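Here our numbering runs 25 ahead of the position in the sequence shown, where the first position is 1. In this text, a Cβ means the ideal position worked out from N, Cα and C, and glycines have one as well. Computed from a prediction, not measured in an experiment: that's the story for all the values here.
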Amino acid sequence: MSASPLQRQPLPEDAVALADHERYARQRLDGPAWAYFSGGAADEITLRANRSAWDGLTLQPRVLRSLSGGHTRTTLLGRTLAHPILLAPVAYQRLAHPDGERASAYAAAALGAGMVLSTQASTPLEEVAQIFLDDPGRGPLWFQLYLQHDRGFTRALVQRAEAAGYEALVLTVDAPASGARDRERRAGFRLPPGMTAVNLAGLAPPPPLPQAADGPRLLCQGLVEHTPTWDDVQWLQSHTRLPVLLKGVLHPQDALQAAALGVAGLIVSNHG
Numbered sequence: 026m027s028a029s030p031l032q033r034q035p036l037p038e039d040a041v042a043l044a045d046h047e048r049y050a051r052q053r054l055d056g057p058a059w060a061y062f063s064g065g066a067a068d069e070i071t072l073r074a075n076r077s078a079w080d081g082l083t084l085q086p087r088v089l090r091s092l093s094g095g096h097t098r099t100t101l102l103g104r105t106l107a108h109p110i111l112l113a114p115v116a117y118q119r120l121a122h123p124d125g126e127r128a129s130a131y132a133a134a135a136l137g138a139g140m141v142l143s144t145q146a147s148t149p150l151e152e153v154a155q156i157f158l159d160d161p162g163r164g165p166l167w168f169q170l171y172l173q174h175d176r177g178f179t180r181a182l183v184q185r186a187e188a189a190g191y192e193a194l195v196l197t198v199d200a201p202a203s204g205a206r207d208r209e210r211r212a213g214f215r216l217p218p219g220m221t222a223v224n225l226a227g228l229a230p231p232p233p234l235p236q237a238a239d240g241p242r243l244l245c246q247g248l249v250e251h252t253p254t255w256d257d258v259q260w261l262q263s264h265t266r267l268p269v270l271l272k273g274v275l276h277p278q279d280a281l282q283a284a285a286l287g288v289a290g291l292i293v294s295n296h297g
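Okay, structure coming up:
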């Protein structure tokens, strides 16, 4: 059964750049949803620094040269892409529109862009893959993975992604716990009824950690004990036939260690 197409709506005439789309999103989304999509951690210093870093990039062009043969093609994981643009994983996209990840899949595929689907998507991973892979001009389709405390569940999730046609796994390594999302708290953000991470349905909550024998635990001790390690990276590599990329690597030594383990690629990023 094929996925039903979406009804296209014309864009406003003055929506000509990304900043325009952001402005319209802020006008149309309710306050809590906008806080979720646009906010960063705590005082958002890193979020602002990220934007400032991008704004600081400059180009030094050469002139008086032939432009014949110019292109934006690149090669990634052995595949030639029309351009090096992929949609980053974003959870709960149905907060922004009822079609959520389905709409993103149609749009990315139509423009030849790649797509990385979040573990916490609000649309089944199989449905997104069916939409995306049906377009012959599409870019790559990857699945972003958070390691779950239940390794059997994680393995089954990986197998679902493989069976659906995803071409790589993107393991997020810089978010062992949720950040202090102060903007969301001020806006009173809560997931509305019916909004769930559908691909995690059936996952049991983690068991409570035992009390430390030598006294009370540190505030963050429980979080630290659930943090993924390099052993978990190797475990994942041993349970999939797909290339594994790491998302959230910033330190050169971590990059070297990832390369030594045969990781397929790195996404240099932070969670803001």
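The way I'd put it, the segment 207-221 does touch the segment 60-73; three or more beta-carbon pairs between them come closer than 8 angstroms. Contact between the segment 142-158 and the segment 180-200 is present: 3 or more CB-CB pairs across the two stretches fall below 8 angstroms. Burial is judged here by how many other beta carbons sit within 10 angstroms of a residue's own beta carbon; Val-183 has at least 16 and is buried. Here Ala-200 carries a coil assignment [DSSP, helix/strand/coil].
Taking C-alpha positions only, Asp-55 is separated from Pro-109 by approximately 32 angstroms. By the C-beta criterion, the segment 140-147 is judged to be in contact with the segment 216-236, since at least 3 inter-stretch pairs fall below 8 angstroms. By the neighbour-count definition (other C-beta atoms within 10 Å, threshold 16), Ala-74 is an exposed residue.
Straight-line spacing of the CA atoms in Arg-51 and Arg-90 works out to 43 angstroms. Using a 10 angstroms sphere on the CB of Ala-42, the tally of other CB atoms stays under 16, which defines it as exposed.
Taken through DSSP and simplified to helix, strand or coil, Ile-292 comes out as strand. For Phe-62, the uninterrupted alpha helix (DSSP H) run begins and ends at 56-63, by DSSP. Assignment of Val-274 by DSSP, reduced to helix, strand and coil, places it in the coil class. Take Ala-128, set aside five residues on each side of it, and the residues of its chain with a beta-carbon closer than 7 angstroms to its own are Leu-31 and His-122, in chain order.
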